[in-house]
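Asks:
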Amino acid sequence: MSRLALAIVALTTLAVTAAPSAPASAVPAGTHHSGGPTASHGGFAPDVIRLPDGFQPEGIAIGKLPYAYFGSRVDGDIYRASLLTGRAKVISQGPGTPSLGLKLDGRGRLFVAGGRGGDARVLTASGRVLRSYTLQTDPAFINDVVLTGRAAWYTDSANPVLFKLPLGRHGAPPSQAVRVPISGDMVYTTGNNANGITATPDGRGLIVVQSNTGKLFRTTYAGVTTEIDLGGESVEFGDGMWLRGRTLYVVQNRLHTITKIELDKRATKGTVVSRTTSPKFDVPTTIAEYGKRFYLPNARFTTEPTPTTPYTAVAIRRP
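Numbering (the working numbering), first residue to last: 185 to 503.
1) Here's the rule I'm using: 16 or more other beta-carbon atoms within 10 Å means buried, otherwise exposed. How should G243 be labelled?
2) Taking the C-alpha atoms as reference points, what is the distance between D386 and R450?
3) Just to check my reading of the structure: L400 and G454 have Cβ atoms closer than 8 Å, yes? What is that Cβ distance to the nearest angstrom?
4) Name the residue from R291, F325 and G255 whose alpha carbon lies nearest to the alpha carbon of S276.
5) Ends of the beta strand (DSSP E) at Q436?
6) Hey, G380 and V393: beta-carbon distance below 8 Å or not?
7) Starting from the N-terminal side, write out each stretch of the beta strand (DSSP E) that is 3 residues or longer and does not extend beyond the segment 349-378.
8) Quick one: using the 10 Å Cβ neighbour count with 16 as the cut-off for buried, is L286 buried or exposed?
9) Going by C-alpha to C-alpha distance, which of A342, T409 and W337 sits closest to G368?
10) How many angstroms separate the CA atom of P230 from the CA atom of R502?
11) Would the beta-carbon of R300 fall within 8 Å of that of S316?
12) Just the Cα atoms here: how many angstroms apart are T487 and G238?
13) With D466 and R438 assumed to form a contact (beta carbons below 8 Å), what rounded beta-carbon distance in angstroms separates them?
14) Helix, strand or coil for R501 per DSSP?
15) According to the neighbour-count rule (16 or more other Cβ atoms, all chains shown, within 10 Å of its Cβ), is K273 buried or exposed?
16) Identify every residue that forms a DSSP beta bridge with E411.
17) Under DSSP, the beta strand (DSSP E) around K273 begins and ends at which residues?
18) Which term fits R334, buried or exposed, when burial requires 16 or more other beta carbons within 10 angstroms of its beta carbon?
19) Assuming S310 and V296 form a contact by the criterion Cβ under 8 Å, report the distance between their Cβ atoms to the nearest whole angstrom.
20) How would you label A356, buried or exposed, when you count the other beta carbons within 10 angstroms and need 16 or more for buried?
21) Tell me, which residues are paired with P241 by DSSP?
22) I need the boundaries of the beta strand (DSSP E) containing S130, first residue and last residue.
23) Return helix, strand or coil for L439, following the three-state DSSP convention.
24) Tell me the rounded alpha-carbon separation between G270 and I262.
25) Per DSSP, A297 is paired with what?
26) In this structure, how does DSSP classify K453 when only helix, strand and coil are distinguished?
27) As a quick exercise: from Y495, L288 and T441, pick the residue whose alpha carbon is nearest that of N482.
28) Identify which residue in Y251, T441 and N376 has its Cα closest to the Cα of T339.
29) If you draw a straight line from the C-alpha of I366 to the C-alpha of S341, how long is it?
30) Note down the Cα distance separating S218 from S359, rounded to an integer number of angstroms.
31) Out of G247, L432, L249 and L268, which has the shortest C-alpha to C-alpha gap to A499?
32) Express the C-alpha separation of I246 and T470 in angstroms, rounding to a whole number.
33) With DSSP run on the structure shown, which of helix, strand or coil describes S418?
34) Excluding the five sequence neighbours on either side, which residues of its own chain have a C-beta within less than 8 Å of the C-beta of A383, listed in chain order?
35) Cβ of P350 within 8 Å of Cβ of V362?
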């Protein structure tokens with residue numbers, strides 16, 4: 185039984201009734217449509233989570249419990265929502281700079297990428313700031329974060345560098361971050377460079393997507409990058425990523441698409457097997473999994489942001 189199903193059984197009093205799932209729409213071969221704006225999941229759990237007006241979401245993190253954490257690129261607020269009911273609240277007031285990529289560790293701590301603020305933060309699950317780090321002064325764009333066994337790794341889309349937070353005994357955060365220059369095949373150019381980051385299937389390196397070139401790179405812990413052979417395919421506008429075994433899911437934000445790639449163990453080669461879209465997508469930026477579903481925040485980059493602009497996160501069945 186999936187974690188979502190177990191959580192629903194344990195919290196049946198929180199369940200809400202929803203309409204049956206809408207049928208998929210016809211799309212070109214290799215592309216999938218997932219539900220409609222009123223689709224539900226087995227009669228439980230909303231497919232659309234309403235975020236505060238004007239919130240401008242970017243990152244999402246989900247742990248073992250049925251809660252999603254969202255970061256605001258406006259002021260860095262952290263918003264926690266129940267995946268079972270959609271009920272939510274702000275648990276941490278931001279520092280006035282963005283909260284972009286998010287990851288939740290096994291101890292319930294939230295690792296936050298600070299965008300143009302050039303910082304990284306480590307929070308408790310209740311929103312208390314444990315540590316804050318200045319990684320890079322202007323220009324900076326600390327975009328995403330991944331947790332490996334003994335470290336948190338951050339990308340900077342404006343500078344060819346990774347930042348490492350080595351974690352000590354019992355996962356203790358360090359006193360300062362380590363700067364790891366990027367070398368090898370990835371060359372920074374105009375635009376948004378290193379963006380989403382995840383581990384390799386063999387656990388011995390990192391995978392980084394370069395948004396402006398549409399390329400994926402295998403990256404050593406020393407920052408040496410090698411382009412992953414995708415057989416001529418591109419993941420332009422690649423943003424957040426999710427690794428499941430040897431299957432890599434890449435969110436292509438402005439294309440409203442999740443691209444599914446089968447990798448070899450060392451992430452030297454990959455084969456694009458499908459591209460999934462949904463009418464619920466409105467420039468989704470990243471991805472997190474719970475049960476058999478993916479959850480994605482709609483950043484709505486192509487919509488003029490105002491204090492009253494509505495924002496949502498949406499759920500689809502995992503492709």
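Just so you know, even glycine gets a beta-carbon here, dropped at the ideal spot from N, CA and C.
Replies: Taking the structure as given:
1) Residue burial annotation: G243 is buried, with at least 16 other C-beta atoms found within 10 angstroms of its C-beta.
2) 6 Å
3) 7 Å
4) G255
5) T431 to Q436
6) yes
7) 362-365
8) buried
9) Nearest Cα to G368 within the set A342, T409 and W337: T409.
10) 15 Å
11) no
12) 11 Å
13) In fact, because the Cβ distance is near 11 Å, the residues do not count as touching under 8 Å.
14) strand
15) Answer is exposed; the Cβ neighbour count stays below 16.
16) DSSP lists F401 as the beta-bridge partner residues of E411.
17) Looking at the DSSP string, the run of the beta strand (DSSP E) that includes K273 is A272 to S276.
18) exposed
19) The Cβ separation is near 14 Å, so there is no contact.
20) Flag for A356 reads exposed.
21) S256
22) Residue 130 is absent from the structure shown; the chain starts at 185 and stops at 503.
23) If DSSP states are grouped into helix, strand and coil, L439 belongs with the helices.
24) 15 Å
25) A304
26) strand
27) Distance from the Cα of N482 is smallest, within the candidate group Y495, L288 and T441, for Y495.
28) N376
29) Each residue's Cα considered, the two are about 11 Å apart.
30) Confidence at S218 is low in this model, with a pLDDT of 40, below 50, so the placement of that residue should be treated as unreliable; the coordinate-derived value is given next. Whole-angstrom Cα-Cα distance: 44 Å.
31) L268
32) 12 Å
33) Note: S418 maps to coil in three-state DSSP.
34) Only V330, T332, G389, L390, I391 and L427 meet the Cβ criterion.
35) yes
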